[in-house]
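Right, one structure below, let's go through it.
2 protein chains.
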Amino acid sequence: MTEDGRLRRGERTRTAVLDHALPLATTTGLDGLSLGRLADTLGISKSGLFAHWRSKEALQLAVIDHARRQWTDEVIRPAMAAAPRGVRRLWAVHDTRLAFYEQGRLPGGCFFANAHFEFNARPGPIRDRLAAELADWMTFLTGLTADAITTGDLPPATDPAGLAYEIESLGVCAVMQAPVLGPVTFQHARHALHERLTALTLTPTILPELP
Amino acid sequence: MTEDGRLRRGERTRTAVLDHALPLATTTGLDGLSLGRLADTLGISKSGLFAHWRSKEALQLAVIDHARRQWTDEVIRPAMAAAPRGVRRLWAVHDTRLAFYEQGRLPGGCFFANAHFEFNARPGPIRDRLAAELADWMTFLTGLTADAITTGDLPPATDPAGLAYEIESLGVCAVMQAPVLGPVTFQHARHALHERLTALTLTPTILPELP
DNA sequence: TTTATTTACGAACGGTCGGTCGTTTTGTAG
DNA sequence: CTACAAAACGACCGACCGTTCGTAAATAAA
């Protein structure tokens, strides 16, 4: 019996399954994810997956949680560590996010963006979960912006939710266009926010130079 | 024999088929489009579709062309008619685009955005066609921005491709978030570009007041 | 009216999908 | 070694997919 109760052979713990499922779901779509192919990739039988997740939908929800965890570990945490507060922290989040996709950390682009567009017109538990994730993310960005106002980096008249929307839109568009138009989209996304923040900033905040 | 060669019964011309296929493809995904369901919607048999399009892929490509035509008629042309040149034309394109989705002209959001995210990781003819459409669209937006520099509305130092990217990103993010976060996303998208353009504009260009 | 041709249809094909079940294998305890 | 329970598997199910084909109906030509 392994520490998580069921899976025994080799390295096939629950998290190992999700580690293999996430890139698959990112490339083929969260709904296009085939349990047969996933089982083949893991070298186990398809019915084994049903022993641990009762249905495909339950596994899909678990994949969402897994993606959220990876996003927290590889993007949010490093960005928060890069800058303590204010506008520089806003920039760090934007830049770390772009770097995550620029270096092709996940094949197929952004898991959350893909899943959002896939389920935007399909009500159900998955859509609800994705909606909650998006709301959380926008609240997080808005909070960062509000903090940059508190520190005096941004003018008090700044609309936190509005600026958060701008940051999000630049990032989303970059991961959408990059596979088609190439790395120049990342340059656009970086340059646009850099220009916007330096124009807004009240204090002489030093943002890193852009190449 | 009807004017377009094959389909005869009722209103089932080629364009009628595509008229029904476009909203279906927008909600279920361009690849998730089921020829069986489409045939049922039209009241014809599934095999009839294969008499006019040799394969599903050919029909999908036709749907892309149809969406492009509708986009041209319902967004680009009205926007171009609303303002002759310069920054006001830029604003007209952005605003007309948002209005198109705000009033739910197509269920399921933006056909092109959905299809892009769906095929970003799937090389093939459909991906190539979508890529060409996106490149055309960005070239179009860049041209509008360059014209606004020519008219003297924008400073000569403005990067046309960069500003085009900003406009596009605001629009894409709006159609992505609207089904989840509601109409407030359209307000954000409008307010952000309004603020950006008025800040950039050299001439006293009168953009419409925002509510 | 008879003939020839086009057009739509129903049935069926092979394939993949999510999901279920009985059996065999594996690990552990006595 | 034996006995027992957990766990992994192969086979199978019904549904849906895109696609093909033989045939019947509708049209046009004679």
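Those sequence lines, one after another, are chains W and Z.
Sequential numbering of the first sequence, starting at 1, is according to full-length UniProt numbering.
Sequential numbering of the second sequence, starting at 1, is according to full-length UniProt numbering.
A virtual CB, placed ideally from N, CA and C, is assigned to each residue, including glycine.
This structure is a prediction, so every number in the text was calculated from the model and none was measured.
For Z:V75, no alpha helix (DSSP H) run applies, since DSSP gives it neither H nor E.
Taking 9 Å as the CB threshold, Z:V180 lines the interface with chain W. Note on geometry: alpha-carbon atoms of W:L210 and Z:T203 lie some 29 Å from one another. Excluding its 5 nearest sequence neighbours in each direction, Z:P78 has C-beta neighbours in its own chain below 6 Å: T96, listed in chain order. Under the three-pair Cβ rule at 8 Å, the stretch 186-206 of chain W counts as touching the stretch 150-164 of chain W.
Cβ neighbours of Z:R85 within its own chain (closer than 7 Å, five residues either side excluded): D147, T151. The contact set of W:L170 on chain Z, defined by CB atoms closer than 7 Å, consists of S169 in chain order. C-alpha of W:V93 to C-alpha of Z:G43: approximately 52 Å in a straight line. Straight through space, the alpha carbons of W:E118 and Z:L30 are spaced by roughly 10 Å. Using a Cβ-Cβ cut-off of 9 Å, W:Y165 counts as an interface residue toward chain Z, since at least one Cβ of chain Z sits closer than that to its own. Linking W:R127 to Z:A121 through their CA atoms gives a straight-line distance of about 22 Å. Z:I206 sits exposed, since fewer than 16 C-beta atoms from the chains shown fall within 10 Å of its C-beta.
Inter-segment contact for the stretch 110-117 of chain W and the stretch 33-50 of chain W is absent: fewer than three beta-carbon pairs are separated by less than 8 Å.
Z:E74 and W:M80 have their alpha carbons spaced roughly 44 Å apart. Residue range 14-28 is occupied by the alpha helix (DSSP H) that includes Z:A21.
For Z:S47, the enclosing alpha helix (DSSP H) covers residues 46-52.
Residue range 160-181 is occupied by the alpha helix (DSSP H) that includes W:S169. Between Z:P23 and Z:P156, the gap from beta carbon to beta carbon reaches 9 Å or more. Interface annotation, Z:E118: in contact with chain W, CB-CB separation under 9 Å.
Between the alpha carbons of W:A21 and Z:L144 lies a gap of roughly 43 Å. When DSSP states are grouped into helix, strand and coil, W:T150 belongs to the helix group. In this structure, DSSP gives W:R89 a helical state, which the three-state scheme calls helix.
When secondary structure is reduced to three states using DSSP, W:L98 falls in the helix class. Contact between W:L154 and W:V87 holds: CB atoms are separated by about 7 Å, below the 8 Å threshold.
Z:P125 has its alpha-carbon roughly 33 Å from the corresponding atom of Z:T185.
For W:E133, the closest C-alpha among the options W:Q103, W:Y101, W:V63 is that of W:V63. The three-state reading of DSSP puts Z:E118 in helix, counting H, G and I together.
The beta carbons of W:G171 and W:L90 sit no closer together than 9 Å.
At a beta-carbon threshold of 8 Å, none of the residues of chain Z lie near W:G48; the nearest stands roughly 27 Å away. Taking W:A16 as reference, the option from W:T27, W:R54, W:A67 with the minimal CA-CA separation is W:A67.
In the three-state reduction of the DSSP assignment, W:R68 falls in the helix class, which pools H, G and I.
At a beta-carbon threshold of 7 Å, none of the residues of chain W lie near Z:T158; the nearest stands roughly 11 Å away. Chain-ordered listing is empty here: chain Z has no CB closer than 9 Å to the CB of W:T203, the nearest sitting near 19 Å. At a cut-off of 9 Å, the C-beta of Z:Q70 has no neighbouring C-beta in chain W.
Comparing C-alpha distances from W:Q60 to each of W:T26, W:P179, W:A189 shows the shortest one belongs to W:T26.
Taking C-alpha positions only, W:D136 is separated from Z:F50 by approximately 46 Å.
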